[in-house]
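Enquirer: Input: one structure, supplied below.
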Amino acid sequence: MSENQNLLAEQRRALILDEVRRRGGVRVNELTRKLGVSDMTVRRDLDALARLGVLEKVHGGAVPVAEASTHEPGFEAKSGLELTAKEDIARTAATLVAPGTAIALSGGTTTYALAHHLLDVPDLTVVTNSVRVADVFHSAQRSSGQRQGAATVVLTGGVRTPSDSLVGPVADQAIAALHFDVLFLGVHGISAEAGLSTPNLAEAETNRRLVQSARRVVVVADHTKWGTVGLSSFATLGQVDTLVTDAGLPARARAEISEQLRRLLVAGAPEDGADAAESPGTALADDENSADF
1 MSENQNLLAE QRRALILDEV RRRGGVRVNE LTRKLGVSDM TVRRDLDALA
51 RLGVLEKVHG GAVPVAEAST HEPGFEAKSG LELTAKEDIA RTAATLVAPG
101 TAIALSGGTT TYALAHHLLD VPDLTVVTNS VRVADVFHSA QRSSGQRQGA
151 ATVVLTGGVR TPSDSLVGPV ADQAIAALHF DVLFLGVHGI SAEAGLSTPN
201 LAEAETNRRL VQSARRVVVV ADHTKWGTVG LSSFATLGQV DTLVTDAGLP
251 ARARAEISEQ LRRLLVAGAP EDGADAAESP GTALADDENS ADF
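Under full-length UniProt numbering, the first residue of the sequence shown is numbered 1, with each subsequent residue one higher.
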């Protein structure tokens with residue numbers, strides 16, 4: 001972790017959270033030395049992260065929150081985390097969307113960020129079980145009028161979760177009757193053993209239906225999701241065509257993922273200055289199915 005007094009609060013807090021999770025706890029004086037900021041600044045950052053429920057303050061420092069596999073943070077809590085990573089991922093994922101296609105966006109803060117990058121892609125049909133994602137498109141259409149080429153948005157019904165997704169039998173039935181070219185899927189957790197998982201049983205079933213209805217599955221997940229396991233798995237890594245993640249994902253995890261996925265895209269990878277880089281060793285299908293989305 002490099003010392004930098006000019007770090008934005010968001011970047012500084014992301015670094016603190018990474019350090020807490022990696023080491024299992026940190027002390028305030030360690031953070032002040034690493035970040036080159038005052039005790040007061042670090043304590044304010046710890047207060048902000050504790051309010052979001054992502055770490056626990058203890059005397060002289062902080063430790064990770066011991067989350068149960070059934071714990072499901074709300075949309076607002078998740079929306080304040082890893083903002084830069086989510087924006088990088090969203091920008092990269094948007095390049096995979098072709099005009100005139102039918103796509104699906106699941107619930108989540110990263111798919112919410114992606115939705116903003118799709119507003120100018122013409123003639124899309126967007127299926128979503130996310131109230132927040134649907135609002136992105138509807139708000140844009142209200143402000144600019146019903147312009148030619150604007151997206152057609154299909155919002156499934158269902159029961160609303162803490163992450164503002166609609167799940168349950170109503171959502172499942174609607175999704176099962178549809179077919180889309182590509183699904184962009186946000187996840188609570190991803191690991192080699194458990195695959196994709198969520199703490200919400202009803203959401204797990206709805207996500208299974210989304211995966212089954214898609215020709216291609218693109219997971220959009222920042223590096224903090226790797227190694228997290230929720231109560232219910234709903235897909236294996238073998239069912240994922242592409243993972244779009246950020247440069248914070250460790251090299252060991254990239255190698256492990258690349259062994260099981262067709263394509264791994266690292267958004268904002270610093271080694272080449274590009275917005276996205278193919279992970280070393282990523283296998284790309286060379287038949288007609290490997291064409292761009």
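In this text, a Cβ means the ideal position worked out from N, Cα and C, and glycines have one as well. Please read all numbers here as calculations on a predicted model, not as lab measurements.
1. Runs of 3 residues minimum, wholly inside the region 127-166: which ones carry the beta strand (DSSP E) assignment?
2. For valine 153 and asparagine 129, which I take to be in contact (beta-carbon distance under 8 Å), what is that distance rounded to the nearest angstrom?
3. Specify the secondary structure class of valine 229 as computed by DSSP and reduced to three states.
4. Would you mind stating whether valine 65 and glutamate 56 have Cβ atoms separated by less than 7 Å?
5. What's the call for arginine 23, buried or exposed, on a 16-neighbour Cβ count within 10 Å?
6. Compute the Euclidean distance between the alpha carbons of leucine 261 and proline 99, then round it to the nearest angstrom.
7. Taking the straight line between their C-alpha atoms, what separation do you get for arginine 254 and leucine 264?
8. Is the beta carbon of alanine 140 closer than 7 Å to that of leucine 183?
9. So, helix, strand or coil for serine 258, using DSSP?
10. Short check: CB of valine 127 to CB of alanine 94, under 7 Å?
11. Looking at glycine 195: is its Cβ nearer than 7 Å to the Cβ of threonine 236?
12. Per DSSP, isoleucine 190 is paired with what?
13. Tell me the rounded alpha-carbon separation between alanine 247 and aspartate 222.
14. Can you have a look at serine 163 and say buried or exposed, based on whether 16 or more other CB atoms are within 10 angstroms of its CB?
15. Count the other C-beta atoms from every protein chain shown that fall within 10 angstroms of the C-beta of leucine 58, then say buried if there are 16 or more, exposed otherwise.
16. What number of angstroms, rounded off, separates the C-alpha of glutamate 10 from the C-alpha of leucine 124?
17. So what does DSSP say about proline 122, is it helix, strand or coil?
18. Over what stretch of residues does the alpha helix (DSSP H) that includes valine 42 continue unbroken?
19. Quickly, what does DSSP pair glutamate 56 with across the bridge? List them, please.
20. CA-CA distance, arginine 27 and glycine 60?
21. Do the CB positions of valine 217 and aspartate 241 come within less than 7 Å of each other?
22. Please check the pair isoleucine 175 and threonine 206, which I expect to be a contact at CB under 8 Å, by giving their CB distance rounded to whole angstroms.
23. Pull up the distance between the alpha-carbon of glycine 233 and that of serine 197, whole angstroms please.
24. Excluding the five sequence neighbours on either side, which residues of its own chain have a C-beta within less than 8 Å of the C-beta of leucine 201, listed in chain order?
25. Please classify residue 302: does DSSP put it in a helix, a strand, or coil?
26. Looking at C-alpha atoms only, which residue of Arg51, Thr161, Ile89 and Val211 is the closest neighbour of leucine 178?
27. DSSP three-state label for leucine 104, please.
28. Please classify leucine 8 as buried or exposed, where buried requires at least 16 other C-beta atoms within 10 Å of its C-beta.
29. On the DSSP bridge assignment, give the partners of valine 219 in chain order.
30. Under the assumption that threonine 110 contacts valine 229 (Cβ atoms under 8 Å), give the Cβ distance between them as a whole number of angstroms.
31. In terms of DSSP beta bridges, what is phenylalanine 180 paired with?
32. Any idea what DSSP makes of valine 26, helix, strand or coil?
Expert: The short version:
1. 152-155
2. For this step, residue 153 is matched to residue 153 along the sequence shown. For this step, residue 129 is matched to residue 129 along the sequence shown. Contact flag wrong, Cβ pair sits at about 12 Å.
3. Taking the sequence shown and counting its residues from 1, the one referred to as residue 229 is at position 229. DSSP places valine 229 in coil when its eight states are reduced to three.
4. As a working note, residue 65 is residue 65 in the sequence shown. As a working note, residue 56 is residue 56 in the sequence shown. Yes; because the gap between Cβ atoms is below 7 Å, this pair is in contact.
5. As a first step, residue 23 must be located in the sequence shown, where it is residue number 23. By the neighbour-count rule (16 or more Cβ atoms within 10 Å), arginine 23 is not buried but exposed.
6. Here residue 261 corresponds to residue number 261 of the sequence shown, with the count starting at 1. Here residue 99 corresponds to residue number 99 of the sequence shown, with the count starting at 1. Leucine 261 and proline 99: Cα-Cα distance of roughly 25 Å.
7. Looking up residue 254 in the sequence shown gives position 254. Looking up residue 264 in the sequence shown gives position 264. Cα to Cα, arginine 254 sits roughly 8 Å from leucine 264.
8. In the sequence shown, counting from the first residue as 1, residue 183 sits at position 183. In the sequence shown, counting from the first residue as 1, residue 140 sits at position 140. Not a contact, by the Cβ cut-off of 7 Å.
9. Position 258 of the sequence shown holds residue 258. Three-state DSSP puts serine 258 in a helix.
10. Looking up residue 127 in the sequence shown gives position 127. Looking up residue 94 in the sequence shown gives position 94. No. Outside cutoff.
11. Stepping through the sequence shown from its first residue, residue 195 is reached at position 195. Stepping through the sequence shown from its first residue, residue 236 is reached at position 236. Going by C-beta atoms, glycine 195 is nearer than 7 Å to threonine 236.
12. Reading the sequence shown from its first residue, position 190 is the one you call residue 190. Per DSSP, Leu196 and Trp226.
13. Locating residue 247 in the sequence shown gives position 247, where the first residue counts as 1. Locating residue 222 in the sequence shown gives position 222, where the first residue counts as 1. About 9 Å.
14. Reading the sequence shown from its first residue, position 163 is the one you call residue 163. Result: buried.
15. Taking the first residue of the sequence shown as position 1, residue 58 is located at position 58. Inspection of the sequence shows that residue 58 is occupied by valine rather than by leucine. Per the 10 Å Cβ criterion, exposed.
16. Position 10 of the sequence shown, counting from 1, holds the residue named residue 10. Position 124 of the sequence shown, counting from 1, holds the residue named residue 124. Cα to Cα, glutamate 10 sits roughly 33 Å from leucine 124.
17. On the sequence shown, residue 122 is found 122 positions in, with the first residue counted as 1. In the structure shown, proline 122 sits in coil (DSSP, three-state: anything other than H, G, I, E or B).
18. Within the sequence shown, residue 42 is the residue found at index 42, counting from 1. That run of the alpha helix (DSSP H) goes 39-51.
19. One-based indexing of the sequence shown puts residue 56 at position 56. Answer is Val63, bridged to glutamate 56.
20. Numbered from 1 along the sequence shown, position 27 holds the residue referred to as residue 27. Numbered from 1 along the sequence shown, position 60 holds the residue referred to as residue 60. Whole-angstrom Cα-Cα distance: 6 Å.
21. On the sequence shown, position 217 is the one that residue 217 refers to. On the sequence shown, position 241 is the one that residue 241 refers to. Yes. Within cutoff.
22. In the sequence shown, the residue the question calls residue 175 occupies position 175. In the sequence shown, the residue the question calls residue 206 occupies position 206. 7 Å between Cβ atoms; contact.
23. In the sequence shown, counting from the first residue as 1, residue 233 sits at position 233. In the sequence shown, counting from the first residue as 1, residue 197 sits at position 197. According to the sequence shown, residue 233 is serine rather than glycine. Rounded to whole angstroms, serine 233 to serine 197 spans 4 Å at the Cα level.
24. In the sequence shown, counting from the first residue as 1, residue 201 sits at position 201. Leu231 and Ser232.
25. Outside the shown range of the chain, which is 1 to 293, sits residue 302, and nothing can be said about it.
26. To locate residue 178, count along the sequence shown from 1; it is residue 178. Out of Arg51, Thr161, Ile89 and Val211, Val211 has the C-alpha closest to the C-alpha of leucine 178.
27. Taking the first residue of the sequence shown as 1, we reach residue 104 at position 104. The sequence shown places alanine at residue 104, rather than the leucine named in the question. Reduced to three states, the DSSP call for alanine 104 is strand.
28. In the sequence shown, the residue the question calls residue 8 occupies position 8. So leucine 8 ends up on the exposed side.
29. Mapped onto the sequence shown, residue 219 falls at position 219. DSSP lists Leu185 and Leu243 as partners of valine 219.
30. Here the question's residue 110 lines up with position 110 in the sequence shown. Here the question's residue 229 lines up with position 229 in the sequence shown. So it is not a contact: roughly 18 Å between Cβ atoms.
31. Counting from 1 along the sequence shown, the entry for residue 180 is found at position 180. DSSP lists Ala214 as partners of phenylalanine 180.
32. Translated into the one-based positions of the sequence shown, residue 26 becomes position 26. Looking at valine 26 - three-state DSSP - the assignment turns out to be strand.
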